[in-house]
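Using our numbering, you'd call the opening residue of the sequence shown number 147 and step up by one each time. The block underneath contains the structure these notes are about, expressed in structure tokens.
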Amino acid sequence: MTIQMWTSALRRAATAWRDQSEGLDGPRRNLAQADSGLLGSRVGPVAEAFLTTWEARVRALGNQAERHADALDAATYDFLLADAESVQRTQGLLLWQDRGTPPVGGR
Numbered sequence: 147m148t149i150q151m152w153t154s155a156l157r158r159a160a161t162a163w164r165d166q167s168e169g170l171d172g173p174r175r176n177l178a179q180a181d182s183g184l185l186g187s188r189v190g191p192v193a194e195a196f197l198t199t200w201e202a203r204v205r206a207l208g209n210q211a212e213r214h215a216d217a218l219d220a221a222t223y224d225f226l227l228a229d230a231e232s233v234q235r236t237q238g239l240l241l242w243q244d245r246g247t248p249p250v251g252g253r
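As structure tokens, then:
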């Protein structure tokens, strides 16, 4: 038995989360670079608070997406490690002539 079939799906998901994180970099930078001082003394401070709040939120979402990607990478590694160990233990129980037989993955 093998669980390696899950790794490609996990890798695709990790890549998608990393893409989401990277996609938020541009908007976060735009929020950080916006000059609220151009809006005058009445609107400027309110706009600055708005921009600061949204920059922090976008940064948090980017960091969260990156953590999801890292968790999926770690899960992929754990699956591969567990799979290799289970294959090795199972092969050790097979008849001598079958111990080198590789597992057949299902879909």
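Heads up, the beta-carbon is just placed ideally off N, CA and C, and yes, glycines get one too. All figures in this text were calculated on a predicted structure; none of them were measured in a lab.
Can you give me the start and stop residues for the alpha helix (DSSP H) that residue i sits inside?
| i | result |
| --- | --- |
| residue 213 | 186–239 |
| residue 177 | 171–179 |
Once the 5 residues before and after residue i are set aside, which same chain residues still bring their CB inside 7 Å of it?
| i | result |
| --- | --- |
| residue 235 | none |
| residue 208 | 167, 170, 171 and 174 |
Kindly list the residues whose CB is nearer than 6 Å to the CB of residue i, restricted to its own chain and excluding five residues on each side of it in sequence; keep chain order.
| i | result |
| --- | --- |
| residue 214 | 163 |
| residue 218 | 156, 159 and 160 |
| residue 232 | none |
Looking only at C-alpha atoms, which of the options sits nearest to residue i?
| i | options | result |
| --- | --- | --- |
| residue 184 | 194, 165 and 218 | 194 |
| residue 178 | 205, 189 and 210 | 205 |
Closer than 8 Å by C-beta to residue i: which residues in its own chain qualify, once you throw out the five before and the five after it? Chain order, please.
| i | result |
| --- | --- |
| residue 212 | 163, 164 and 167 |
| residue 153 | 222, 225 and 226 |
| residue 181 | none |
- Would you call the segment 231–242 and the segment 162–173 touching, i.e. three or more CB-CB distances under 8 Å? no
- Touching or not, the segment 188–201 and the segment 219–230, by the rule of three or more beta carbon pairs under 8 Å? no
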